[in-house]
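Please read the structure below before turning to the comments.
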Amino acid sequence: MPLFYESNSQCVWIITASDLNKVHLFIIELSTELNQRHSVIQINFEEFDLEIGYDSLTIGDGGEVGDSKTIIQVLTGSFVPDLIVSMSYQMWLHLQSDESVGSIGFKINYKEIDKESCGDPGTPLYGYQEGSGFLNGDVLRFECQFGFELIGERTITCQNNNQWSANIPICICEYIVPFIL
Ligand SMILES: [Ca+2]
Numbered sequence: 001m002p003l004f005y006e007s008n009s010q011c012v013w014i015i016t017a018s019d020l021n022k023v024h025l026f027i028i029e030l031s032t033e034l035n036q037r038h039s040v041i042q043i044n045f046e047e048f049d050l051e052i053g054y055d056s057l058t059i060g061d062g063g064e065v066g067d068s069k070t071i072i073q074v075l076t077g078s079f080v081p082d083l084i085v086s087m088s089y090q091m092w093l094h095l096q097s098d099e100s101v102g103s104i105g106f107k108i109n110y111k112e113i114d115k116e117s118c119g120d121p122g123t124p125l126y127g128y129q130e131g132s133g134f135l136n137g138d139v140l141r142f143e144c145q146f147g148f149e150l151i152g153e154r155t156i157t158c159q160n161n162n163q164w165s166a167n168i169p170i171c172i173c174e175y176i177v178p179f180i181l
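Quick note on numbering: UniProt numbering labels position 70 of the sequence shown as 70, and the sequence is numbered without any gaps.
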């Protein structure tokens, strides 16, 4: 994935899961081709910075690059989700930049996770994650260590589109009122 992208770029990537449910595939392949794959694609951003409003990264489900019905997110600027998960075994990414002003670009890592899952969104620094799992309908709850205040959503839900309902919160040091004896 590019760091320091060029102006007027049009770049496309398609990530495909390799993990097959071989037993089910053998039984069902006559009718449903490759839809029985076990895995979906989870991507995490290590770096992300695009010229806000002019350059964008569009992320979609499946392999039909640019198909508006499959778009999961359109990202620009420097704010990104904690992670993005496909619903099928493929995910497409399309970087578009205009004629001027490049930026750092983005760097992702990706992995295959079980289908009908949102993936592990991680734990806030100075905080805890509580919950039973990362499957559709599962709820995670976050707490901060003593002396830290939670900013953001205390609970998030894994939605049926494999996306968490919000980013994980952050924990910031509270302003400690000095004791006056
Ligand atoms: Ca630009």
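By construction, the Cβ of each residue, glycine as well, lies at the ideal position given by its N, Cα and C atoms. Every value quoted in this text rests on a predicted model; they were computed, and no experiment measured them.
Item                                                                                              : Value
The beta strand (DSSP E) enclosing L75, as first and last residue numbers                         : I71 to L75
Bridge partner(s) assigned by DSSP for residue 196                                                : As shown, the chain starts at 1 and ends at 181. That puts residue 196 outside it, with no answer to give.
Opening and closing residue of the beta strand (DSSP E) in which G60 lies                         : S56 to D61
Exposure label - residue 183; buried when at least 16 CB within 10 Å                              : What is shown of the chain runs 1 to 181, which leaves residue 183 out entirely.
Of the residues G122, V65, Y89 and D114, the one placed nearest Q96, counting alpha carbons only  : V65
Any non-hydrogen atom of ligand 1 closer than 8 angstroms to V74 Cβ                               : no
Distance CB(S39)-CB(Y89) smaller than 9 angstroms                                                 : yes
The region 141 to 152 / the region 121 to 128 touching (three or more Cβ pairs under 8 angstroms) : yes
Beta-carbon proximity check, I113 vs Q42, cutoff 9 angstroms                                      : yes
Rounded C-alpha distance that separates Y175 from E149                                            : 9 angstroms
Through-space distance from K111 to I14, alpha-carbon basis                                       : 13 angstroms
Rounded separation between L135 and N160 - CA only                                                : 9 angstroms
Beta-carbon gap between V80 and S117 smaller than 9 angstroms                                     : no
Rounded separation between G152 and K107 - CA only                                                : 25 angstroms
Residues near S132 by beta carbon distance below 7 angstroms, same chain, minus five either side  : D138
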